[in-house]
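Undergrad: Chains as they are written, first to last, in the working numbering: chain A, 6 to 344; chain B, 6 to 344.
Number of protein chains: 2
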Amino acid sequence: MTTLNRRWLLARRPRGRATVDDFRYDEQPFTPPDLADGQVLVRTRVFSCAPTMRNWMNEPGRSYRASIGLGEPIIGVAAGVVIASRNPRFPVGCGVSAVMRWEDYTVLSPDTTATPVLRVPDGMALEDALGVFGLNSLTAYFGMLRVGEPKPGETVVVSGAAGSTGSVAAQVARNIGCRVIGIAGGATKCARLVEDLGLDAAIDYKSEDVSARLKELCPDGVNVFYDNVGGDILHAVMDNVAVHARIAVCGQVAAYDSDQPAPGPRDMMKLVYWRVRIQGFVMGDYAHDAPAALEQLRTWRDEGRLAYRIDLREGFDQLPGAFLDLFTGGNDGALLVRG
Amino acid sequence: MTTLNRRWLLARRPRGRATVDDFRYDEQPFTPPDLADGQVLVRTRVFSCAPTMRNWMNEPGRSYRASIGLGEPIIGVAAGVVIASRNPRFPVGCGVSAVMRWEDYTVLSPDTTATPVLRVPDGMALEDALGVFGLNSLTAYFGMLRVGEPKPGETVVVSGAAGSTGSVAAQVARNIGCRVIGIAGGATKCARLVEDLGLDAAIDYKSEDVSARLKELCPDGVNVFYDNVGGDILHAVMDNVAVHARIAVCGQVAAYDSDQPAPGPRDMMKLVYWRVRIQGFVMGDYAHDAPAALEQLRTWRDEGRLAYRIDLREGFDQLPGAFLDLFTGGNDGALLVRG
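#1: Tell me which residue opens and which closes the alpha helix (DSSP H) that residue 303 of chain B is part of.
#2: Taking just the CA atoms, how far does residue 278 of chain B sit from residue 22 of chain B?
#3: With the cut-off set at 8 Å, would you say residue 101 of chain A and residue 80 of chain A are in Cβ contact?
#4: Quick one: give me the first and last residue of the alpha helix (DSSP H) that residue 200 of chain A is part of.
#5: Tell me which residue opens and which closes the alpha helix (DSSP H) that residue 115 of chain B is part of.
#6: Between which two residues does the beta strand (DSSP E) carrying residue 160 of chain B extend?
#7: By the criterion of Cβ-Cβ separation under 7 Å, what are the contact partners of residue 149 of chain B in chain A?
#8: When DSSP labels each residue in this structure, what does residue 319 of chain A get in the three-state scheme?
#9: From this set, A:18, A:17 and A:51, which residue's C-alpha is nearest residue 323 of chain A's C-alpha?
#10: Pop quiz: residue 273 of chain A and residue 254 of chain B are said to be a contact at Cβ under 8 Å. What is the actual Cβ separation, rounded to whole angstroms?
#11: Less than 8 Å separating the beta-carbons of residue 90 of chain A and residue 125 of chain A?
#12: Quick one: which chain A residues come within Cβ less than 9 Å of residue 268 of chain B?
#13: Assuming residue 175 of chain A contacts residue 185 of chain A under a Cβ cut-off of 8 Å, what Cβ separation, rounded to an integer in Å, is found between them?
#14: Specify, as a first and last residue, the run of the beta strand (DSSP E) that residue 231 of chain B falls within.
#15: What first and last residue would you give for the beta strand (DSSP E) that runs through residue 340 of chain A?
#16: Since residue 61 of chain B meets chain A, which of its residues come closer than 8 Å, beta carbon to beta carbon?
#17: Which residue from A:97, A:153, A:309 and A:10 puts its Cα closest to that of residue 111 of chain A?
#18: Looking at the C-beta of residue 279 of chain B, does it have a partner C-beta in chain A at a distance below 8 Å?
#19: My output table needs one value for residue 140 of chain A: the three-state DSSP class, helix, strand or coil.
#20: Taking 7 Å as the limit between beta carbons, can you name the residues of its chain near residue 245 of chain A, skipping five residues before and five after?
#21: Is there a Cβ of chain B sitting closer than 8 Å to that of residue 328 of chain A, yes or no?
#22: Does the pairing of the stretch 316-333 of chain A with the stretch 31-50 of chain B give three or more beta-carbon distances under 8 Å?
#23: Using a Cβ-Cβ cut-off of 8 Å, state whether residue 227 of chain B counts as contacting chain A.
#24: Does residue 286 of chain B come within less than 8 Å of chain A when only Cβ atoms are used?
#25: Which one or two residues does DSSP pair with residue 62 of chain B in a beta bridge?
#26: According to the neighbour-count rule (16 or more other Cβ atoms, all chains shown, within 10 Å of its Cβ), is residue 115 of chain B buried or exposed?
#27: Does any CB atom of chain A fall closer than 8 Å to the CB of residue 282 of chain B?
#28: What are the start and end residues of each continuous beta strand (DSSP E) run of 3 or more residues lying completely inside the stretch 236-294 of chain A, in chain order?
#29: Would you list, in chain order, the members of the stretch 19-40 of chain B that have their beta-carbon closer than 9 Å to a beta-carbon of chain A?
#30: Report yes if the CB atom of residue 165 of chain A is closer than 8 Å to the CB atom of residue 234 of chain A, and no otherwise.
#31: Return the Cβ separation of residue 331 of chain A and residue 54 of chain A in integer angstroms, given the expectation that the two are a contact with Cβ distance under 8 Å.
#32: Would the stretch 194-208 of chain B count as touching the stretch 135-155 of chain B if we require 3 or more Cβ pairs under 8 Å?
#33: If we ignore side chains and look at the alpha-carbon of each, how far apart do residue 236 of chain A and residue 285 of chain A end up?
#34: Listed in chain order, which residues of the stretch 216-246 of chain A have Cβ atoms closer than 7 Å to some Cβ of chain B?
#35: Which residues in chain A sit within 8 Å of residue 309 of chain B, going by Cβ to Cβ distance?
#36: Between residue 280 of chain B and the rest of its own chain, which residues show a CB-CB distance below 7 Å, the 5 nearest in sequence each way excluded?
Structure follows, in structure tokens:
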């Protein structure tokens with residue numbers, strides 16, 4: 006029997022909202038390659054779908070990272086098991102997480118790739134390595150604490166607060182003693198922000214006037230805004246910032262699935278008079294501090310102070326549909342697909 | 006003979022570009038008032054015209070500071086001499102600088118006003134107190150060093166670089182060992198940036214493609230941008246930022262004389278991928294460090310490392326016309342009017 010390498014390829018570059026027709030399924034007979042020194046062969050098992058992958062589907066040059074080549078496999082963070090190794094740090098049988106391709110078998114060069122290849126600690130499920138202890142959580146942790154710099158007692162607002170990054174960002178702020186308001190789409194998600202995550206309030210951007218609600222909830226203004234969404238939600242928060250507010254820009258989901266980028270504040274003088282700081286960031290700049298961050302996240306998790314919701318789909322064939330759900334609110338937690 | 010108090014009043018709120026018809030001259034017989042404890046009576050002598058005053062002419066609510074009331078005197082930074090005093094820190098004969106009204110006689114309450122009332126050091130000309138050692142220079146000093154945070158060897162760009170704030174900001178960066186590029190309007194101003202201020206290069210936004218020139222001059226990107234202007238110049242710099250760039254937003258002159266505010270960056274994902282920090286500021290937040298800053302500025306001045314150009318007009322009647330020159334590039338240095 007021939008072993009197959011299943012793949013999902015970028016069939017064409019989406020215009021505006023991505024659709025299933027932008028993806029193409031492909032399978033090829035698989036022959037294990039000869040590994041070079043330092044390389045490992047990984048059988049991918051779990052794929053993480055994140056909104057930012059939409060950016061990598063654009064033509065080269067629009068985003069900082071290399072875009073996916075036409076006809077090439079989709080790339081995204083995934084986890085798998087090492088099935089052949091010429092790297093002593095990654096023996097056969099260990100788990101790894103890294104930016105990988107949407108295919109069954111991937112060769113990685115952990116010592117020389119630009120993006121980190123992480124060994125999954127023994128005993129940790131691959132789903133947790135991609136989920137509650139994954140790159141999204143680290144992004145949330147560093148973005149909130151190092152970029153937002155909230156102080157205990159301050160009012161913190163998080164957009165995309167029901168998502169895999171936002172939900173962790175909100176809990177990090179709550180855990181250090183801030184008052185936290187989450188913005189999410191739909192009554193169910195909003196109820197969960199308050200009941201499951203213990204946030205102080207939630208705003209449903211689909212049915213509420215975000216600016217008016219922020220005015221009610223934050224009469225003294227917003228001290229820190231962790232922004233995953235951008236666009237109108239950024240404008241609504243800018244209407245309600247406190248003096249010396251800090252805005253940590255994690256992503257701009259409002260714009261990913263569009264031909265138009267998400268613009269910044271409408272009136273830059275607001276930044277001057279209110280002395281607002283707006284700062285973009287990526288997790289990689291803080292990677293050297295990841296071990297300490299993971300320890301803190303694990304402590305909070307063990308203490309029951311870090312809830313994390315996974316929307317786990319079964320089957321490699323589910324990948325494009327699962328990814329597209331991110332842009333319609335069709336997911337219910339961090340979206341993972343078991344291949 | 007009756008003593009007169011001459012005044013310039015806000016006749017109406019400008020729509021878009023301000024004109025002379027927005028100002029109204031007025032004079033009233035002046036009787037020295039009874040001063041309360043702590044108050045001083047000042048004979049104003051020199052008025053500083055700054056673009057930001059245009060914002061105070063708008064309707065209340067659009068800017069952070071109180072707007073000028075219709076029919077009330079224009080306000081702006083000015084300097085004068087104390088002619089009656091019930092405040093021991095400000096004896097008769099000493100010079101003061103503060104936000105004052107465009108009129109001959111002003112009562113100040115130095116201990117209780119929100120904006121600082123500064124005593125002019127003995128022996129310092131009022132023109133220097135408003136000019137090279139004035140609030141604009143302190144704004145430039147703190148904005149560049151505390152908000153821009155340039156490191157020696159980095160590439161720094163300053164817009165409005167021929168102006169009273171920009172020219173100091175550019176020299177501060179040059180003095181600490183940065184490579185500095187100034188943006189200004191017109192060949193004369195640009196030549197002066199290089200020849201008189203010793204900047205490394207200048208860009209004439211009136212005749213050159215700012216983005217293309219920045220690309221040539223900063224192939225490794227702009228590390229720090231000190232922005233007085235905003236609008237298209239901000240966009241041009243955003244096209245050319247280096248990773249981890251810092252943008253210190255001092256003002257947005259491009260928008261002051263308009264009904265439209267100056268918007269922020271066109272694509273907030275650029276902030277994320279390039280990890281850019283954009284921060285607005287006002288000088289008041291650093292006022293407690295002003296003495297040390299002034300000492301540094303005086304040292305540089307004495308060493309010949311802080312050039313400062315004053316465009317001095319004579320006559321109280323010149324005030325509105327001088328102010329309006331700021332928006333047409335009709336001034337040649339920091340604009341002061343001797344009343």
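We treat Cβ as the ideally placed atom computed from N, Cα and C, and that holds for glycine.
TA: This is what the structure gives:
#1: From DSSP, the alpha helix (DSSP H) with residue 303 of chain B extends over 295-307.
#2: Residue 22 of chain B and residue 278 of chain B: Cα-Cα distance of roughly 37 Å.
#3: The answer is no: Cβ separation not under 8 Å.
#4: Taken as a continuous stretch (DSSP letters only), the alpha helix (DSSP H) holding residue 200 of chain A covers 192-200.
#5: Where residue 115 of chain B is concerned, there is no enclosing alpha helix (DSSP H), given that its DSSP letter is neither H nor E.
#6: 160-164 is the extent of the beta strand (DSSP E) around residue 160 of chain B.
#7: Correct list: empty, because the minimum Cβ distance to chain A is about 15 Å.
#8: Reduced to three states, the DSSP call for residue 319 of chain A is strand.
#9: In terms of CA proximity to residue 323 of chain A, A:51 leads the group A:18, A:17 and A:51.
#10: So it is a contact: roughly 6 Å between Cβ atoms.
#11: No, Cβ-Cβ distance for residue 90 of chain A and residue 125 of chain A is not below 8 Å.
#12: The answer, in chain order, is 268, 269, 270, 271, 272 and 273.
#13: Rounded, the Cβ-Cβ distance is 5 Å, consistent with contact.
#14: In this chain, the beta strand (DSSP E) harbouring residue 231 of chain B covers 227-232.
#15: Residue 340 of chain A -> beta strand (DSSP E) spans 339-343.
#16: Here the premise fails: no neighbours, minimum Cβ distance about 11 Å.
#17: Out of A:97, A:153, A:309 and A:10, A:10 has the C-alpha closest to the C-alpha of residue 111 of chain A.
#18: True, the Cβ-Cβ gap to chain A drops below 8 Å.
#19: In the three-state reduction of the DSSP assignment, residue 140 of chain A falls in the helix class, which pools H, G and I.
#20: Here residue 245 of chain A has 216, 219, 220, 223, 226 and 227 as same chain residues with Cβ atoms under 7 Å from its own Cβ, once five neighbours each way along the sequence are excluded.
#21: Residue 328 of chain A is outside the set of residues whose beta carbon lies under 8 Å from a beta carbon in chain B.
#22: No, the stretch 316-333 of chain A is not in contact with the stretch 31-50 of chain B.
#23: It does not; no Cβ of chain A falls within 8 Å.
#24: Flagged as an interface residue toward chain A: residue 286 of chain B, by a C-beta distance shorter than 8 Å.
#25: Residue 62 of chain B is not bridged to any residue.
#26: If you draw a 10 Å sphere on the C-beta of residue 115 of chain B, you find 16 or more other C-beta atoms in it, and that means buried.
#27: For residue 282 of chain B, the answer is yes, since a Cβ of chain A falls inside 8 Å of its Cβ.
#28: 246-254 and 282-285, all fully within the stretch 236-294 of chain A.
#29: For the stretch 19-40 of chain B, which is checked against every Cβ of chain A, not one residue is closer than 9 Å.
#30: In contact: residue 165 of chain A and residue 234 of chain A (Cβ atoms closer than 8 Å).
#31: Their Cβ separation, rounded to whole angstroms, is 6 Å, which keeps residue 331 of chain A and residue 54 of chain A in contact under 8 Å.
#32: In this structure the stretch 194-208 of chain B does not lie against the stretch 135-155 of chain B, because fewer than three pairs of beta carbons, one per stretch, are closer than 8 Å.
#33: Whole-angstrom Cα-Cα distance: 15 Å.
#34: Of all residues in the stretch 216-246 of chain A, the ones placed with a Cβ closer than 7 Å to any Cβ belonging to chain B are 235, in chain order.
#35: The premise fails here: residue 309 of chain B is roughly 32 Å from chain A at the closest Cβ pair, so nothing lies under 8 Å.
#36: For residue 280 of chain B, the CB contacts under 7 Å within the same chain, skipping 5 residues up- and downstream, are 248 and 249 in chain order.
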